[in-house]
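Trainee: Can you keep this structure in mind? I'll have questions shortly.
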Amino acid sequence: MFLKNTWYVACTPDEIDAKPLGRTVCGEKIVFYRGAEGKVAALEDFCPHRGAPLSLGQVCEGQLVCGYHGLVMGCDGKTVAMPMQRVGGFPKIRSFPVVERHGFIWVWPGDAGQADAATIPDLHWANNPEWAYGGGLYHIACDYRLMIDNLMDLTHETYVHAGSIGQKEIDETPVTTRTEGDTVVTSRFMENVMAPPFWRANLRGNHLRDDVPVDRWQVCRFTPPSHIMIEVGVAHAGKGGYHAEPKDKVYSIVVDFLTPETETSMWYFWGMARNFNVKDTNLTAQIREGQAKVFSEDTAVLEAQQRNLLQWPSRRLLMLNIDAGGVQSRRILDRLVAQEQQQQPAGVAHPVQVA
Amino acid sequence: MFLKNTWYVACTPDEIDAKPLGRTVCGEKIVFYRGAEGKVAALEDFCPHRGAPLSLGQVCEGQLVCGYHGLVMGCDGKTVAMPMQRVGGFPKIRSFPVVERHGFIWVWPGDAGQADAATIPDLHWANNPEWAYGGGLYHIACDYRLMIDNLMDLTHETYVHAGSIGQKEIDETPVTTRTEGDTVVTSRFMENVMAPPFWRANLRGNHLRDDVPVDRWQVCRFTPPSHIMIEVGVAHAGKGGYHAEPKDKVYSIVVDFLTPETETSMWYFWGMARNFNVKDTNLTAQIREGQAKVFSEDTAVLEAQQRNLLQWPSRRLLMLNIDAGGVQSRRILDRLVAQEQQQQPAGVAHPVQVA
Amino acid sequence: MFLKNTWYVACTPDEIDAKPLGRTVCGEKIVFYRGAEGKVAALEDFCPHRGAPLSLGQVCEGQLVCGYHGLVMGCDGKTVAMPMQRVGGFPKIRSFPVVERHGFIWVWPGDAGQADAATIPDLHWANNPEWAYGGGLYHIACDYRLMIDNLMDLTHETYVHAGSIGQKEIDETPVTTRTEGDTVVTSRFMENVMAPPFWRANLRGNHLRDDVPVDRWQVCRFTPPSHIMIEVGVAHAGKGGYHAEPKDKVYSIVVDFLTPETETSMWYFWGMARNFNVKDTNLTAQIREGQAKVFSEDTAVLEAQQRNLLQWPSRRLLMLNIDAGGVQSRRILDRLVAQEQQQQPAGVAHPVQVA
Numbered sequence: 001m002f003l004k005n006t007w008y009v010a011c012t013p014d015e016i017d018a019k020p021l022g023r024t025v026c027g028e029k030i031v032f033y034r035g036a037e038g039k040v041a042a043l044e045d046f047c048p049h050r051g052a053p054l055s056l057g058q059v060c061e062g063q064l065v066c067g068y069h070g071l072v073m074g075c076d077g078k079t080v081a082m083p084m085q086r087v088g089g090f091p092k093i094r095s096f097p098v099v100e101r102h103g104f105i106w107v108w109p110g111d112a113g114q115a116d117a118a119t120i121p122d123l124h125w126a127n128n129p130e131w132a133y134g135g136g137l138y139h140i141a142c143d144y145r146l147m148i149d150n151l152m153d154l155t156h157e158t159y160v161h162a163g164s165i166g167q168k169e170i171d172e173t174p175v176t177t178r179t180e181g182d183t184v185v186t187s188r189f190m191e192n193v194m195a196p197p198f199w200r201a202n203l204r205g206n207h208l209r210d211d212v213p214v215d216r217w218q219v220c221r222f223t224p225p226s227h228i229m230i231e232v233g234v235a236h237a238g239k240g241g242y243h244a245e246p247k248d249k250v251y252s253i254v255v256d257f258l259t260p261e262t263e264t265s266m267w268y269f270w271g272m273a274r275n276f277n278v279k280d281t282n283l284t285a286q287i288r289e290g291q292a293k294v295f296s297e298d299t300a301v302l303e304a305q306q307r308n309l310l311q312w313p314s315r316r317l318l319m320l321n322i323d324a325g326g327v328q329s330r331r332i333l334d335r336l337v338a339q340e341q342q343q344q345p346a347g348v349a350h351p352v353q354v355a
Numbered sequence: 001m002f003l004k005n006t007w008y009v010a011c012t013p014d015e016i017d018a019k020p021l022g023r024t025v026c027g028e029k030i031v032f033y034r035g036a037e038g039k040v041a042a043l044e045d046f047c048p049h050r051g052a053p054l055s056l057g058q059v060c061e062g063q064l065v066c067g068y069h070g071l072v073m074g075c076d077g078k079t080v081a082m083p084m085q086r087v088g089g090f091p092k093i094r095s096f097p098v099v100e101r102h103g104f105i106w107v108w109p110g111d112a113g114q115a116d117a118a119t120i121p122d123l124h125w126a127n128n129p130e131w132a133y134g135g136g137l138y139h140i141a142c143d144y145r146l147m148i149d150n151l152m153d154l155t156h157e158t159y160v161h162a163g164s165i166g167q168k169e170i171d172e173t174p175v176t177t178r179t180e181g182d183t184v185v186t187s188r189f190m191e192n193v194m195a196p197p198f199w200r201a202n203l204r205g206n207h208l209r210d211d212v213p214v215d216r217w218q219v220c221r222f223t224p225p226s227h228i229m230i231e232v233g234v235a236h237a238g239k240g241g242y243h244a245e246p247k248d249k250v251y252s253i254v255v256d257f258l259t260p261e262t263e264t265s266m267w268y269f270w271g272m273a274r275n276f277n278v279k280d281t282n283l284t285a286q287i288r289e290g291q292a293k294v295f296s297e298d299t300a301v302l303e304a305q306q307r308n309l310l311q312w313p314s315r316r317l318l319m320l321n322i323d324a325g326g327v328q329s330r331r332i333l334d335r336l337v338a339q340e341q342q343q344q345p346a347g348v349a350h351p352v353q354v355a
Numbered sequence: 001m002f003l004k005n006t007w008y009v010a011c012t013p014d015e016i017d018a019k020p021l022g023r024t025v026c027g028e029k030i031v032f033y034r035g036a037e038g039k040v041a042a043l044e045d046f047c048p049h050r051g052a053p054l055s056l057g058q059v060c061e062g063q064l065v066c067g068y069h070g071l072v073m074g075c076d077g078k079t080v081a082m083p084m085q086r087v088g089g090f091p092k093i094r095s096f097p098v099v100e101r102h103g104f105i106w107v108w109p110g111d112a113g114q115a116d117a118a119t120i121p122d123l124h125w126a127n128n129p130e131w132a133y134g135g136g137l138y139h140i141a142c143d144y145r146l147m148i149d150n151l152m153d154l155t156h157e158t159y160v161h162a163g164s165i166g167q168k169e170i171d172e173t174p175v176t177t178r179t180e181g182d183t184v185v186t187s188r189f190m191e192n193v194m195a196p197p198f199w200r201a202n203l204r205g206n207h208l209r210d211d212v213p214v215d216r217w218q219v220c221r222f223t224p225p226s227h228i229m230i231e232v233g234v235a236h237a238g239k240g241g242y243h244a245e246p247k248d249k250v251y252s253i254v255v256d257f258l259t260p261e262t263e264t265s266m267w268y269f270w271g272m273a274r275n276f277n278v279k280d281t282n283l284t285a286q287i288r289e290g291q292a293k294v295f296s297e298d299t300a301v302l303e304a305q306q307r308n309l310l311q312w313p314s315r316r317l318l319m320l321n322i323d324a325g326g327v328q329s330r331r332i333l334d335r336l337v338a339q340e341q342q343q344q345p346a347g348v349a350h351p352v353q354v355a
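Chains as they are written, first to last, in UniProt numbering: chain A, 1 to 355; chain B, 1 to 355; chain C, 1 to 355.
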């Protein structure tokens, strides 16, 4: 259950710099590569000659060359050349709209005719020298919607991440969830608490005392199809909290792009954008390492949860107030998927037929 | 094909001392843990909130706390508490009758209303200072009935365990099989033979000469659902064999609790209880190590046999006189399973419906 | 899709010298072993007693003894003996025609009544002291027909084996394909080219200069069911090419026996027979090592191609002139399989019924 007429993060630029990358997005097996002048391209990962994955090939002079028999494929899915062959009648393969922007490669796995690069989300912190970013990628064997639930309800930090970002006060502080169009926002504000280890380290990373009470906030923002940006931070208590002066707080955006691979597996692009001490690359590495550990804890829980749900497929889950963020996000997805399916009642038309 | 209204060994106490244990028994995914005052509890391994396995959680002040969002589960399957929530209307999960006795945790995977702890088998050697016990656990990818066949016909020792407990005379000595109610007993008595390596080591372990002929016996006793106790021993020849004085023999009980996991996999709790030289913990360790090696040889054969039976599902196997122990044990199981199914024609009623 | 009434290479002699070998050929699970006087035998890998694989057993005094309970099996599939048992009524298991010849063990997985050892291909280089041979075995997760395609079109060398035997001129030189009865021959002759690394090493191995232009040839010969012999070589340019004097060339036969395991997996017996410098065992080892590396490159491509074809089962592939060798070989197979199925419309009769 996923939207196809939308932009997903497919990979990061470094994944295609040296050679083509084969990756499945929303059930579509795609090869991503840098074509002429380094421009990113995305095609079905299937050579029209004998069916070998094009991702095993290499890019020569800006064109993708099949690693089996040397068929030269154009970024539009039309065969350009093949040694000793006339290729005019070769069947076209599908090409996917793909854009490099904000430090990510974005792909549109659905109807190419509807793709509009203007609808790629604007990431204000990307390409902004006042911000630093670090992140990573996990493959997780779960429905991406379990990760939406996870990120839109941070209550779990107390239990899953007890040693890093969890603290008892998360549990004890109510959340507020509101829906604005297709966006869902879940907020929690804690006042006058002691910071947990991850945040104490960040306070020190911004040259602030870590042994005094803080105000802490979490503002999770879901936008379709499955992008979740979480504003997180702590300020020395009584300095204005979320609105405190930069000198009194540390503040970041947890960046989560969830890309379905299949119905029960996903790619998790995670990271953190911060606007304090941005030149400190050691701090970037340290935050990244901390996040990697925290998110691997989620991975273990979500994969076990997915196995349980497959074992008991008919059981209904509870939807408590803390689950409102996930519940409302899924409602938006349900509505958008229904709209998409009404538009194309016979399924996504496949633009190419191989004779 | 297994009985559900009966007691199986689920685990050993050490497996749940530090943290909850998730284990599937007879197709039921169960979490085992120590609740209040260390009392063992068994529940469906499914948190009613979002379906995470409760076995990922931990026990706090005698109660099982879900590792995802902190739901506190009671040992009766009713939610006790959850931060910031009213839990009265939460659906109950299934609890399983469970008892700690004789050094094992016993679970009843069927209808809880029929569970009676008095029917847990009496192990006379357990908790008896005149006996010592050591054992282990193997997971085996085979129908547990293949292991019943294996243990109720020790002819295979000559071939599978040629280097430890096998000897040619096993083959050459007829077995006697008799059924007493629901119990099957298969016996073999060998007279005036040389002991094989495992028994020579045990003779030395009891300060007896190992280079003289012995009388050797094997008395395999099956009781439902799948418990097999095997009296084994050797006595110096001519001293009375099975009935010889303790000073002239070494005698043990091979302990085998077979617990179905699925139709084609099982948990094998194996061990040996002995009443000689019981204070010698080095001897206990040495016997355990020897058994571990011997039973790993069975594992390889049984898993290969299972794969063959799945490949040729319609082939009938031979039932020779040496197979009588297994054949008669399976007949008892067939009868008891048929009885159980007549009692509950619509399948095991599930006591809990999750709304 | 494979022929069953034909000879396949099942294994090499060394694989059965020490103990029985279990191997699946054309979907048949078979045990191969050396029986009386070292004569090879092949039986269903299923003990008629309890279904254990006979390949877990051992050969005692020329007879296969089951490793579970000591059943002694004859090479005709009839039980010879079992301790304490009368075996006259034991069901027979299937035996397969099997022949050791030319350094390989050949099996006939179909109707034994039609097997004729005279139809095993004649390998003129085997057992000929003027030739040396070295080879190996790979298991590959692909339909064996993908390997037929691969070997009957060496265009792929330019791309898959760029660092060893590939060179641009392969691509640029047309191939000729002809069918002679059930044999398909695809030839390519390149003139006045520089030898690639693998062939330069072979030139040196035959004490010939490696820095001068050569004429190079590839003559691929398919015979059913899936044997492909490829004459390959280089001669110093202008010395007669394929027909040059032995002193001016290096010449080998690439030996490829493809044995289906299942519809989507195969055993690949590969090797090289050469008639230069045949006493040099270091050279044999060096060539073998080079081939092993080259053929592992094919393995990676073919397994990825197989996964793609399973993902897109309805797509038709292109059949270009370079593919003619594979296409014509498949046509012969299609015809022979159709003939075989007409002979036995109800499937291969199973000669043994287990009571």
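No residue lacks a Cβ here, since even glycine has one placed at the ideal position from N, Cα and C.
Against chain A, does C:Y8 count as a neighbour if the rule is that its beta carbon must be under 8 Å from one of theirs?
Mentor: Not closer than 8 Å to any Cβ of chain A, the Cβ of C:Y8 fails to qualify, so no.
Trainee: Checking 8 Å against the spacing of the C-beta atoms, do A:H161 and A:E297 come in under that value?
Mentor: Yes.
Trainee: Starting from the beta carbon of A:V59, find every residue of chain B whose beta carbon is closer than 7 Å, and list them in chain order.
Mentor: Under the 7 Å cutoff, chain B gives no residues; its nearest Cβ is about 44 Å from A:V59.
Trainee: 8 Å is my cut-off, CB to CB: does C:G77 come that close to chain B?
Mentor: No - not a single Cβ of chain B is within 8 Å of the one on C:G77.
Trainee: Which class does C:G136 belong to by DSSP, given the choice of helix, strand or coil?
Mentor: DSSP places C:G136 in strand when its eight states are reduced to three.
Trainee: By DSSP's criteria, B:T262 is part of a beta bridge. Which residues make up the other side?
Mentor: Note: B:T262 sits in a beta bridge opposite B:S265.
Trainee: Between the Cα of C:M319 and those of C:M152, C:M84 and C:N128, spot the shortest distance and give me the residue it belongs to.
Mentor: Per the Cα distances, C:M152.
Trainee: Would a C-beta distance cut-off of 8 Å place A:L302 and A:C220 closer than the cut-off?
Mentor: For A:L302 and A:C220, no; Cβs fall outside 8 Å.
Trainee: Check A:T281 in the structure and name its three-state DSSP category.
Mentor: Looking at A:T281 - three-state DSSP - the assignment turns out to be helix.
Trainee: Mapping DSSP to helix, strand and coil, what is C:M229?
Mentor: DSSP places C:M229 in strand when its eight states are reduced to three.
Trainee: What residues match up with A:M190 in a beta bridge as DSSP calls it?
Mentor: Its beta-bridge partners are A:R216.
Trainee: Considering only their Cβ atoms, is the gap separating A:P48 from A:P83 smaller than 8 Å?
Mentor: No, Cβ-Cβ distance for A:P83 and A:P48 is not below 8 Å.
Trainee: In the DSSP assignment, what are the bridge partners of A:I105?
Mentor: Its beta-bridge partners are A:C11 and A:E100.
Trainee: Would you tell me roughly how many angstroms separate the C-alpha atoms of A:T259 and A:D14, rounded to the nearest one?
Mentor: Distance between the alpha carbons of A:T259 and A:D14: 18 Å.
Trainee: Let me check understanding here. Comparing Cα to Cα, which of C:R200, C:V232 and C:E191 lies closest to C:D215?
Mentor: If we check each option's Cα against that of C:D215, C:E191 comes out closest.
Trainee: At least one CB of chain C closer than 8 Å to the CB of B:M1: is that the case?
Mentor: Not closer than 8 Å to any Cβ of chain C, the Cβ of B:M1 fails to qualify, so no.
Trainee: With burial defined as no fewer than 16 other Cβ atoms inside 10 Å of the residue's Cβ, what is the status of B:C75: buried or exposed?
Mentor: Buried: at least 16 other Cβ atoms inside 10 Å.
Trainee: Based on the DSSP output, what are the partners of B:S252 in its beta bridges?
Mentor: Note: B:S252 sits in a beta bridge opposite B:V232 and B:R274.
Trainee: Can you tell me the Cα-Cα spacing of C:N202 and C:H236, whole angstroms?
Mentor: Taking the straight line joining both Cα atoms gives about 12 Å.
Trainee: Under 8 Å between the Cβ atoms of B:F276 and B:P246?
Mentor: Result yes, Cβ atoms of B:F276 and B:P246 sit closer than 8 Å.
Trainee: Run down chain A in chain order and give the residues with a C-beta less than 7 Å from the C-beta of C:E263.
Mentor: The contacting residues do not exist; C:E263 stays about 16 Å from chain A at best.
Trainee: Can you give me, in chain order, the residues of the region 129–159 of chain B that have a beta carbon less than 9 Å from any beta carbon in chain C?
Mentor: Correct list: L146, D149, N150, D153, T155, H156, T158 and Y159.
Trainee: Is it true that the region 100–108 of chain A meets the region 121–129 of chain A, where meeting means three or more beta-carbon pairs spaced less than 8 Å apart?
Mentor: With a cut-off of 8 Å, the region 121–129 of chain A and the region 100–108 of chain A count as touching, because enough Cβ pairs lie within range.
Trainee: Among A:Q328, A:M147 and A:A304, which has the Cα closest to the Cα of B:C66?
Mentor: Closest by alpha carbon: A:A304.
Trainee: In the DSSP assignment, what residue or residues form a beta bridge with A:R23?
Mentor: Per DSSP, A:I30.
Trainee: Give me the chain A residues within the contact set of B:K29, using Cβ-Cβ distance strictly less than 8 Å, ordered along the chain.
Mentor: Those are N308 and Q311, listed as they occur along chain A.
Trainee: Taking C:E172 as the query, report the chain A residues whose CB atoms sit under 8 Å from its CB, ordered along the chain.
Mentor: By Cβ distance, chain A contributes P83 and M84.
Trainee: Applying the 10 Å Cβ sphere with the 16-neighbour rule, what's the burial state of A:V212?
Mentor: Exposed, by the Cβ-count rule.
Trainee: Just to confirm the assignment, what range does the beta strand (DSSP E) spanning C:R178 have?
Mentor: T176 to E180 is the extent of the beta strand (DSSP E) around C:R178.
Trainee: Along chain B, which residues have their Cβ under 7 Å away from the Cβ of C:L56?
Mentor: Correct list: V301 and A304.
Trainee: Using three-state DSSP, classify A:H350 as helix, strand or coil.
Mentor: Residue placement at A:H350 is flagged as unreliable, the pLDDT there being 45, under the threshold of 50; a coordinate-derived value is accordingly withheld.
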